[in-house]
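Protein chains in written order, with the working numbering: chain A, 1 to 108; chain B, 109 to 216. Ideal Cβ positions, reconstructed from N, Cα and C, are used throughout, including at glycine. Following: one structure in structure tokens, then a few remarks.
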DNA sequence: TCATTTTTTGTAGATTATTTACAATTGCAA
DNA sequence: TTGCAATTGTAAATAATCTACAAAAAATGA
């Protein structure tokens, strides 16, 4: 194995660690997804999405899975679904996303 | 191609977009890397690492490349390098990391 | 159309997180 | 031990986010 490939492999294993540990604030999620923070909070109020908030009043934190779901909701809204419609539609795809994340993280 | 594989592919192309857009605050970087915020600011003062701060006084922002470099520095310190030593050692590996990131983002 | 509901958006005042800039402390090598 | 490198502490100011109110806009259905 060449030196170069070795480093690529190190990067790969780091990336899974990276995804595992990744936790992001609402401002960054807003920039990543292009959804206003106000809207993200509203969706959470309506139980459409969730975050990792430790206690009431503390800042919201989002992991990779949270962000994935947000982007999926957004996609469905763009397709014309209502929020409730999106929630109903979403179950199957969420499961696929989760199994995909689990594959990434657990290197299965 | 099965439905399942299709979704996996969608996830993959999303991930590259995700990495491209990913921007993280100092608190999150601290949690991801396990390096105190105080230390991250010190390293930046000493020009060891950099961030995407828009203006003086605004909060620091870090992208994927920034975080990669921080983790690399940490690794070298653990191996016994001094900060200056790490900076000198790092050039070649930074280049490899960058080309690796560029491959991920540009799907080359 | 009109009324109702859903969804987005605005904002004030309080709180949390980060900033800079000072300095103190710790660790290490000559 | 002396000097430099590196980390850590902290106060006061600012930035970002919080909740809780409400208003505006968009979608739905009679």
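When DSSP labels each residue in this structure, what does residue i get in the three-state scheme?
i: residue 150 (chain B); result: helix
i: residue 62 (chain A); result: strand
i: residue 193 (chain B); result: helix
i: residue 133 (chain B); result: strand
i: residue 34 (chain A); result: coil
i: residue 100 (chain A); result: helix
At the level of alpha carbons, what is the spacing between residue i and residue j?
i: residue 195 (chain B); j: residue 181 (chain B); result: 8 Å
i: residue 44 (chain A); j: residue 63 (chain A); result: 14 Å
i: residue 15 (chain A); j: residue 208 (chain B); result: 11 Å
i: residue 147 (chain B); j: residue 166 (chain B); result: 18 Å
i: residue 189 (chain B); j: residue 156 (chain B); result: 13 Å
i: residue 145 (chain B); j: residue 85 (chain A); result: 42 Å
i: residue 134 (chain A); j: residue 162 (chain B); result: Since the displayed chain A opens at 1 and closes at 108, residue 134 (chain A) lies outside it and no answer follows.
i: residue 78 (chain A); j: residue 187 (chain B); result: 50 Å
In chain order, what residues of the same chain have a beta carbon less than 6 Å from the beta carbon of residue i, not counting five sequence neighbours either side?
i: residue 20 (chain A); result: 105
i: residue 92 (chain A); result: none
Please say whether residue j and residue i have beta carbons closer to each other than 9 Å?
i: residue 141 (chain B); j: residue 178 (chain B); result: yes
i: residue 136 (chain B); j: residue 23 (chain A); result: yes
i: residue 52 (chain A); j: residue 41 (chain A); result: no
i: residue 65 (chain A); j: residue 97 (chain A); result: yes
Could you name the residues of the same chain whose beta carbon sits closer than 8 Å to that of residue i, not counting the 5 residues immediately before and after it, in chain order?
i: residue 90 (chain A); result: 69, 72, 73 and 76
i: residue 138 (chain B); result: 144, 145 and 148
**Asked** Residues in the stretch 122 to 141 of chain B with C-beta within 8 Å of chain A's C-beta atoms, listed in sequence order?
**Response** 122, 126, 129, 130, 131, 132, 133, 135, 136, 139 and 140
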